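**Student:**
Protein chains: 2
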Amino acid sequence: MTTSIKENTRLFKALSDPNRLRILKMLQSKSLCVCEITEVLSLATSTVSKHLSILRDTGFIIEEKDGKWVNYMINPKPSDPRISSVLSTLDFWISDDNLIISDKQKIQKVDRNEVCGR
Amino acid sequence: MTTSIKENTRLFKALSDPNRLRILKMLQSKSLCVCEITEVLSLATSTVSKHLSILRDTGFIIEEKDGKWVNYMINPKPSDPRISSVLSTLDFWISDDNLIISDKQKIQKVDRNEVCGR
DNA sequence: TTAACATTTCGATAATTGGCAAAATATAGG
DNA sequence: CCTATATTTTGCCAATTATCGAAATGTTAA
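Protein chains in written order, with the working numbering: chain A, 1 to 118; chain B, 119 to 236.
(1) Assess contact between the segment 142–158 of chain B and the segment 70–90 of chain A, defined as three or more Cβ pairs (one per stretch) separated by less than 8 angstroms. Is contact present?
(2) Which first and last residues belong to the alpha helix (DSSP H) in which residue 17 of chain A is found?
(3) Which residue or residues does DSSP assign as beta-bridge partners of residue 211 of chain B?
(4) Taking 7 angstroms as the cut-off, decide whether the C-beta atoms of residue 9 of chain A and residue 203 of chain B are in contact.
(5) For residue 187 of chain B, which residues of its own chain have a beta-carbon under 7 angstroms away from its beta-carbon, when the five flanking residues on both sides are left out?
(6) Is the Cβ-Cβ distance between residue 176 of chain B and residue 132 of chain B less than 7 angstroms?
(7) Which residues of chain B have a Cβ atom closer than 7 angstroms to the Cβ of residue 8 of chain A, listed in chain order?
(8) When we look at the beta-carbon of residue 64 of chain A and count the other beta-carbons within 10 Å, is it buried (16 or more) or exposed?
(9) Considering residue 50 of chain A, what are the terminal residues of the alpha helix (DSSP H) in which it resides?
(10) Give the single residue among B/158, B/121, B/138 and B/198 whose Cα lies nearest to the Cα of residue 233 of chain B.
(11) Bridge partners for residue 157 of chain B per DSSP, in chain order?
(12) According to the neighbour-count rule (16 or more other Cβ atoms, all chains shown, within 10 Å of its Cβ), is residue 45 of chain A buried or exposed?
(13) In whole angstroms, give me the CA-to-CA distance for residue 178 of chain B and residue 216 of chain B.
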């Protein structure tokens with residue numbers, strides 16, 4: 001495992017954006033495709049895609065292709081124990097934020113066949 | 119305790135700079151004044167001062183005035199449990215980095231009466 | 001093979017951040 | 001009170017980052 005300052009900085013940088021934290025919290029509830037996340041965050045698709053690639057490259061999430069969709073989900077078996085540690089930590093560090101609560105309500109209702117393609 | 123997305127983002131932002139991580143690791147060895155830290159990091163005094171104020175404002179460190187010096191040290195009793203958690207975590211996440219090892223060697227030799235005032 | 005849709009990549013731009021030097025503030029000691 | 005030293009604040013610049021829209025890529029289904 002790499003424990004360099006540079007590596008750690010990269011990990012904390014990945015966590016230091018509100019939209020990326022919202023994405024992680026949403027994925028802790030449910031796997032989602034890019035357009036579903038885009039709908040909840042109200043950002044451009046390309047912006048969400050970029051956030052997702054940062055979270056993927058640092059090992060927080062993984063992707064799984066499903067036809068024309070790409071499903072993103074929390075990395076179930078991170079090789080880096082720091083990732084597991086952060087993920088379980090976020091579970092109770094962030095829970096009662098109004099934004100997070102409303103995000104969770106939204107993703108329960110979001111249907112990719114309705115939301116995407118408009 | 120605040121557990122908002124904004125608060126958490128701020129905390130991770132504070133940790134997402136290599137020089138701030140170096141400062142935290144140095145202070146985990148020993149309390150230091152601004153000019154001692156400046157000497158090790160080879161940055162402008164004003165830059166170091168700024169980094170220290172960010173770490174102070176987020177609760178990672180505290181300051182204690184000592185005459186013309188200001189000593190900075192790890193916050194011994196953080197009111198926010200997330201701070202304690204991160205601080206103990208950093209202890210083993212970052213330890214074998216060459217930069218950190220050399221920083222620790224340097225601060226053992228640094229004497230504020232020699233280093234400052236030149 | 002087109003058409004439609006999902007996603008990623010690219011290029012441009014605005015906002016944020018880290019850096020320095022100089023000015024301002026604070027303290028100690030003559 | 002004046003000077004030297006330590007630190008903080010301010011103003012400015014360069015580098016980085018978040019964002020968007022457009023173009024490129026990939027997939028499905030007609």
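Every residue, glycine too, gets a C-beta built ideally from N, C-alpha and C.
These numbers come from a predicted model, not from an experiment.
**Tutor:** Taking the coordinates as given:
(1) As far as the Cβ criterion goes, the segment 142–158 of chain B does not touch the segment 70–90 of chain A, which means the pair count is below three.
(2) Mapped onto the first sequence, residue 17 of chain A falls at position 17. Residue 17 of chain A -> no alpha helix (DSSP H), and no H or E assigned at all.
(3) Here residue 211 of chain B corresponds to residue number 93 of the second sequence, with the count starting at 1. Note: residue 211 of chain B sits in no beta bridge, so no partner.
(4) In the first sequence, residue 9 of chain A corresponds to position 9, counting from 1. In the second sequence, residue 203 of chain B corresponds to position 85, counting from 1. In this structure, residue 9 of chain A lies away from residue 203 of chain B, with their beta-carbon atoms at least 7 angstroms apart.
(5) Indexing the second sequence from 1 puts residue 187 of chain B at position 69. Leaving aside the five residues that flank residue 187 of chain B on each side, the residues in its chain whose CB is nearer than 7 angstroms to its CB run, in chain order, 151 and 230.
(6) Here residue 176 of chain B refers to the residue found at position 58 when the second sequence is read from its first residue. Here residue 132 of chain B refers to the residue found at position 14 when the second sequence is read from its first residue. It is a contact, given that the beta carbons lie within the stated cut-off.
(7) Start at 1 with the first residue of the first sequence, and residue 8 of chain A comes out as number 8. By Cβ distance, chain B contributes 139, 211 and 212.
(8) One-based indexing of the first sequence puts residue 64 of chain A at position 64. By the 16-neighbour rule on beta-carbons within 10 angstroms, residue 64 of chain A is exposed.
(9) Within the first sequence, numbered from 1, the residue matching residue 50 of chain A stands at position 50. From DSSP, the alpha helix (DSSP H) with residue 50 of chain A extends over 45–57.
(10) Indexing the second sequence from 1 puts residue 233 of chain B at position 115. The residue with the shortest Cα to Cα distance from residue 233 of chain B is B/158.
(11) Within the second sequence, numbered from 1, the residue matching residue 157 of chain B stands at position 39. Looking at the DSSP assignment, residue 157 of chain B forms no beta bridge with any residue, so it has no partner.
(12) Position 45 of the first sequence holds residue 45 of chain A. The residue is exposed, with fewer than 16 neighbouring Cβ atoms inside 10 Å.
(13) Residue mapping note: residue 178 of chain B aligns to position 60 of the second sequence, counting from 1. Residue mapping note: residue 216 of chain B aligns to position 98 of the second sequence, counting from 1. Annotation: residue 178 of chain B to residue 216 of chain B spans about 23 angstroms, alpha carbon to alpha carbon.
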